[in-house]
Amino acid sequence: MANQDYVSRAPAKKKKNNRNGKKPSNNSSAVPLKAKLISLLLLILIAAFAYGLWSLKTDPSTKTPLVEPIKTVNEKKPLNKTDELPKPPKEKWTYVKDLETKEIEVGKYEVKEKGPYKMQCGSFKTQKQAEILKARIAFSGLEAQIKSVTGKKGTWHKVFLGPYPRKRLAENDKHKLKRNNINYCQIWLWR
Numbered sequence: 107m108a109n110q111d112y113v114s115r116a117p118a119k120k121k122k123n124n125r126n127g128k129k130p131s132n133n134s135s136a137v138p139l140k141a142k143l144i145s146l147l148l149l150i151l152i153a154a155f156a157y158g159l160w161s162l163k164t165d166p167s168t169k170t171p172l173v174e175p176i177k178t179v180n181e182k183k184p185l186n187k188t189d190e191l192p193k194p195p196k197e198k199w200t201y202v203k204d205l206e207t208k209e210i211e212v213g214k215y216e217v218k219e220k221g222p223y224k225m226q227c228g229s230f231k232t233q234k235q236a237e238i239l240k241a242r243i244a245f246s247g248l249e250a251q252i253k254s255v256t257g258k259k260g261t262w263h264k265v266f267l268g269p270y271p272r273k274r275l276a277e278n279d280k281h282k283l284k285r286n287n288i289n290y291c292q293i294w295l296w297r
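Per this note's numbering, the sequence shown starts with residue 107, numbered consecutively.
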């Protein structure tokens with residue numbers, strides 16, 4: 107800790123006297139007016155609450171009990187027509203009985219197999235691009251084929267998977283390819 111120089115420090119200022127020549131009183135025990143008013147208000151509220159409780163205690167209307175006397179077992183009240191429960195109404199709905207005897211007619215449906223499906227994932231002008239896509243599909247765990255087709259606009263190299271006997275199997279592989287970031291595959295009928 108650094109040494110403090112008490113000599114070069116300015117001396118403390120003395121308190122000034124009032125106009126009358128008296129020192130100002132530093133009355134720390136004086137309570138401000140606001141605190142006095144709040145404490146007076148609290149005392150009045152507590153007194154009013156205590157008076158309210160005392161008046162409830164001494165009021166004769168609060169002395170009578172509100173509980174009815176307990177009836178003994180031997181005392182029975184005669185039953186009135188109003189005390190009896192009404193008889194339940196008869197049901198006007200017959201659907202419960204109708205459902206017991208209801209027969210359901212089942213139509214004869216034939217499921218037609220449309221045939222095998224294939225999933226084409228790309229069509230490229232160069233063989234190299236088709237080989238790259240085939241390799242990416244192989245890394246996802248599926249086997250793709252490349253077929254070269256010559257048309258009016260030149261030779262196209264198509265990358266496809268299949269044949270699939272059902273479309274659902276092709277959809278499963280399509281979702282597997284999407285999880286491996288190979289998008290834009292289309293499922294078609296095999297022709």
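C-beta atoms are modelled at their ideal positions from N, C-alpha and C, and glycine is treated no differently.
**Message:** On the DSSP letters alone, give me the boundaries of the beta strand (DSSP E) that residue 210 sits inside.
**Reply:** To locate residue 210, count along the sequence shown from 1; it is residue 104. Run containing residue 210: none; DSSP gives neither H nor E here.
**DSSP state of residue 260 mapped onto helix, strand, coil** = Translated into the one-based positions of the sequence shown, residue 260 becomes position 154. Strand.
**Message:** My output table needs one value for residue 255: the three-state DSSP class, helix, strand or coil.
**Reply:** By 1-based counting over the sequence shown, the position of residue 255 is 149. For residue 255, the three-state secondary structure derived from DSSP is strand.
**Asked** What separation, rounded to the nearest whole angstrom, lies between the Cα atoms of residue 247 and residue 224?
**Response** Working through the sequence shown from its first residue, we reach residue 247 at position 141. Working through the sequence shown from its first residue, we reach residue 224 at position 118. Approximately 17 angstroms, taken between the alpha carbons.
**Message:** Using the Cβ count rule (16 or more neighbours within 10 Å means buried), how would you classify residue 326?
**Reply:** This structure does not reach residue 326, given that the chain is present from 107 up to 297, and the question cannot be answered.
**Message:** Below 8 angstroms on the Cβ atoms is my contact criterion, and I expect residue 227 with residue 290 to pass it. Report the Cβ-Cβ distance as a whole number of Å.
**Reply:** The residue given as residue 227 occupies position 121 in the sequence shown. The residue given as residue 290 occupies position 184 in the sequence shown. That belief holds up - the Cβ atoms of residue 227 and residue 290 are roughly 7 angstroms apart, short of 8 angstroms.
**Asked** If we count the other Cβ atoms within 10 Å of its Cβ and call it buried at 16 or more, is residue 279 buried or exposed?
**Response** Translated into the one-based positions of the sequence shown, residue 279 becomes position 173. Burial call: buried.
**Request:** Check each candidate in 208, 249 and 138 and name the one with the smallest Cα separation from residue 200.
**Result:** Against the sequence shown, residue 200 aligns to sequence position 94. Looking at the Cα atoms, 208 is the closest of the given residues.
**Request:** Using the DSSP secondary-structure output, state which residues sit across from residue 224 in a beta bridge.
**Result:** Indexing the sequence shown from 1 puts residue 224 at position 118. Answer is 294, bridged to residue 224.
**Message:** For residue 262, tell me which candidate among 283, 284, 155 and 230 has the shortest Cα-Cα distance.
**Reply:** Here residue 262 corresponds to residue number 156 of the sequence shown, with the count starting at 1. Among 283, 284, 155 and 230, the Cα nearest to that of residue 262 belongs to 230.
**Message:** Rounded to the nearest angstrom, what separates residue 284 and residue 203 at their Cα positions?
**Reply:** Along the sequence shown, one-based indexing puts residue 284 at 178. Along the sequence shown, one-based indexing puts residue 203 at 97. Answer to the nearest angstrom: the Cα atoms are 54 angstroms apart.
**Of the residues 264, 250 and 155, the one placed nearest residue 256, counting alpha carbons only** = Translated into the one-based positions of the sequence shown, residue 256 becomes position 150. Nearest of 264, 250 and 155 to residue 256, Cα basis: 264.
**Prompt:** Sorted by chain position, which residues of the same chain lie with C-beta nearer than 7 angstroms to residue 216's C-beta, five sequence neighbours on each side aside?
**Reply:** The residue given as residue 216 occupies position 110 in the sequence shown. Cβ within range, chain order: n/a, list empty.
**Item:** Residue range of the unbroken alpha helix (DSSP H) whose run includes residue 144
**Value:** Locating residue 144 in the sequence shown gives position 38, counting from the first residue. Counting along the chain, the alpha helix (DSSP H) containing residue 144 begins and ends at 139-164.
**Prompt:** I think residue 288 touches residue 243, with their Cβ atoms under 8 angstroms apart; what is that distance to the nearest whole Å?
**Reply:** Residue numbering aside, residue 288 sits at position 182 when the sequence shown is read from its first letter. Residue numbering aside, residue 243 sits at position 137 when the sequence shown is read from its first letter. Their Cβ separation, rounded to whole angstroms, is 6 angstroms, which keeps residue 288 and residue 243 in contact under 8 angstroms.
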